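Here the structure comes first, spelled out in structure tokens, and everything after it is commentary.
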Amino acid sequence: MGSGVRRTKLIYAFLSFLLLRLMYSVVNVPYGALMGVISENPQERTSVSAYRNVMAQVGCLVVYGSLFITVGYFNESGMSKTAAFSTVVGIYAIVVLISLLCTFFFTRERVAPVKEEKNPLGQDVKDLVANKPWICLTIAGIAMLVFIFVHNGLTAYYAKYYVADIVADPTAEDGIRFVVNGTFLGFNINWETLSTILLSISSAVTIVGTMLIQPVVRKLGKRITWIGCFVLASLVSLCFLFVDKTNIGAIIVLQTLFTLFIGPAGYIMWSMYADVADDSEVQTGRRATGLIFSSATMAQKLGNTLAQTLPLYALAAIGFVANTQISPDVADSVKNLFCLFPLLGSVIGVGALLFYTIDEKKIEENSKKLAEMKSAKN
771 MGSGVRRTKL
781 IYAFLSFLLL
791 RLMYSVVNVP
801 YGALMGVISE
811 NPQERTSVSA
821 YRNVMAQVGC
831 LVVYGSLFIT
841 VGYFNESGMS
851 KTAAFSTVVG
861 IYAIVVLISL
871 LCTFFFTRER
881 VAPVKEEKNP
891 LGQDVKDLVA
901 NKPWICLTIA
911 GIAMLVFIFV
921 HNGLTAYYAK
931 YYVADIVADP
941 TAEDGIRFVV
951 NGTFLGFNIN
961 WETLSTILLS
971 ISSAVTIVGT
981 MLIQPVVRKL
991 GKRITWIGCF
1001 VLASLVSLCF
1011 LFVDKTNIGA
1021 IIVLQTLFTL
1031 FIGPAGYIMW
1041 SMYADVADDS
1051 EVQTGRRATG
1061 LIFSSATMAQ
1071 KLGNTLAQTL
1081 PLYALAAIGF
1091 VANTQISPDV
1101 ADSVKNLFCL
1111 FPLLGSVIGV
1121 GALLFYTIDE
1131 KKIEENSKKL
1141 AEMKSAKN
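Encoded structure:
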């Protein structure tokens, strides 16, 4: 294949990926904003956010469980692997399109703004950057993603370069093999299997955690519950420091607890953005739900960017080089990064939430004020 063809394919790959991410944002902003206008009842919005979080994880499980099986089926039927992957992605796209159309035709916006007017974007942005609860929530949202995805991003390194022992093997591609000296349920596993187990746990456990934590949210409130999620998950992350690397069962249990505690925090965050939209309308008389939820999407992108790049810089700082015979000190440093580096996000997130001022009493007051403002308008 000539260099010109390769360059063309590379450009196509970049452009198609950027277009996909752009269209995802175009769809996700109004989809997320529905959270703020689907109901005037804060408890109902919290429940909707929980179900949204659960079904998102169900979708992840479906993809994780069906992708390679379906690709293999088409591949065995005579398709090339490239064509098989394209076909499966096409099937997913059709399912997504049908789901989005159903959302468009059957979802109703039940929260009308106090004033039916076209808000100046400049004024909305000015109000937004002066909105202290929005600032605190956005910082906490970015910190949460850093906390979760730094942990997830370092999981494979932890499994491969700390849990597994590096053994010289002249027959291997790089002259070394990675051997896990431990068993799970009586079975020997390799680092790839361990890494897959640790990362796959997240979707299933997040579903369970989201359902279990709803009574806690109703009892303690969203802010306190989210802080508790940060603290408990941080304690679990610290526990990884003291687990013997041959105790695979304990490692998997800790990963389960980590996800159980922090996984539900996402649904709490989305519900709190709806509360911020209500509070903003009370303060300014204008509703800017779309702008507020688009800021949440911005926080997601920034959080993901930081979470994907920070671990790489940290690994470089400790002298790590992939697929080489690293020293025991570097291996221990990989473990320490896996356990401690995500806590940066936790500390920042808890700090931001301590200054977040919309508690359950404020939510109830805002709900009553909005009802009074709409009654006065009518």
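Read the sequence shown against this note's numbering and you will find it ends at 1148, with the numbers running on by one and no gaps.
From the three backbone atoms N, C-alpha and C, an ideal C-beta is built for every residue, glycine too.
Quantities reported herein were computed from a predicted structural model and do not represent experimental measurements.
- Rounded to the nearest whole angstrom, the C-alpha separation of Pro985 and Ile1018 is 32 Å.
- Shown here for Tyr1037: same chain residues with a beta carbon closer than 6 Å to its own, the five before and five after excluded, namely Ser819, Ala820, Asn823, Thr980 in chain order.
- Between the beta-carbon of Ser1007 and that of Leu1113 there is about 6 Å, and that keeps the pair under the 8 Å contact cut.
- Assignment of Phe1010 by DSSP, reduced to helix, strand and coil, places it in the helix class.
- Nearest to Ile1022 by C-alpha distance, out of Val949, Asp1048, Phe954, Leu1082, is Phe954.
- Per DSSP, the unbroken beta strand (DSSP E) holding Phe948 starts and ends at 946-950.
- Judged by beta-carbon spacing, Ser965 lies within the 8 Å limit of Lys930, meaning their Cβ atoms are closer than that value.
- In the DSSP assignment, Ile967 falls within the alpha helix (DSSP H) that extends over 961-990.
- The stretch 908-924 makes contact with the stretch 1107-1123, as at least three CB pairs between them are under 8 Å.
- Val975 is positioned such that its CB atom lies no closer than 8 Å to that of Ala1077.
- Burial is judged here by how many other beta carbons sit within 10 angstroms of a residue's own beta carbon; Lys1138 has fewer than 16 and is exposed.
- In this structure, Phe957 lies away from Ala934, with their beta-carbon atoms at least 8 Å apart.
- Annotation for Ile861: the continuous alpha helix (DSSP H) segment containing it runs 851-876.
- Going by DSSP, Ala938 is part of the beta strand (DSSP E) stretching over 934-938.
- Thr953 carries a strand assignment under DSSP once its states are collapsed to helix, strand and coil.
- Counting C-beta pairs with one atom in each stretch, the stretch 872-881 and the stretch 1104-1111 have fewer than three that are closer than 8 Å, which means they do not touch.
- Contact between Ile1128 and Pro903 is confirmed by a C-beta separation of about 5 Å, below the 8 Å threshold.
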